[in-house]
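For reference, the structure discussed in these notes is given below.
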Amino acid sequence: MSAEQILQALRSAGKKLIFAESITGGLLVDAFVSIPGASDVVLGSEVTYASELKVALLGVDEDVLAEKGAVSPEVAIAMAQGVCAVGQASLDLEAGQVVAVSTTGNAGPEGNPVGLVFVAITDGKKTKVHRLELTGDRNEIRRETVEQAISLLREHLGI
1 MSAEQILQAL RSAGKKLIFA ESITGGLLVD AFVSIPGASD VVLGSEVTYA SELKVALLGV
61 DEDVLAEKGA VSPEVAIAMA QGVCAVGQAS LDLEAGQVVA VSTTGNAGPE GNPVGLVFVA
121 ITDGKKTKVH RLELTGDRNE IRRETVEQAI SLLREHLGI
């Protein structure tokens, strides 16, 4: 299912979509906002490449970052939950009305195993994190993360 189909499903359900991106650096939201009419569903994206911004903008716990590292399921979940809360508060919406997707990982050249990525999805009620082990160069890993995140979002939404 394409990003356009996901937007239509969320539109029909009266839900909003928001992102917290690290490894994808804005590529994930771009896959959605390049579609005409996306503005009635997509709230935006926080690109928090630096750990300090994950803390300041998304409320990720500094201790979790220090203990688990930025490329971890715990940080992916905290990023998704943090940006979901921002979306809910900004529009005075309840849990379940905003779907949030976060991406964190390592596209190289060093650090955690190159290609290790975590994608978390939450609506404030149900949260799931997915571990991906991708191959390729930096740009291939980032593009594949976007494709996988869209697929995982479709599965999460049951559409």
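Those letters in the sequence shown? Residues 1 to 159, per my numbering, in order. Heads up, the beta-carbon is just placed ideally off N, CA and C, and yes, glycines get one too.
For secondary structure counted as the beta strand (DSSP E) over 3 or more consecutive residues, the segment 87-138 holds these complete runs in sequence order: 98-105, 116-122, 127-133. Cβ neighbours of residue 144 within its own chain (closer than 6 Å, five residues either side excluded): 134. Each residue's CA atom was taken as its position, placing residue 89 and residue 122 some 15 Å apart. According to the DSSP assignment, residue 68 belongs to the alpha helix (DSSP H) that extends over 62-68. In the DSSP annotation of this structure, the continuous segment of the beta strand (DSSP E) that includes residue 20 starts and ends at 16-21. Following the DSSP letters along the chain, one finds residue 33 inside the alpha helix (DSSP H) bounded by residues 27-33.
Taking one beta carbon from each stretch, the segment 53-65 and the segment 75-95 have 3 or more pairs nearer than 8 Å; the two touch. Excluding sequence positions up to five before and after residue 132, its CB lies within less than 6 Å of the CB of 117, 148, all in the same chain and listed in chain order. By the Cβ neighbour-count rule, residue 139 is exposed, with fewer than 16 other Cβ atoms within 10 Å of its own. When the Cα atoms are used, residue 11 and residue 53 turn out to be separated by approximately 30 Å.
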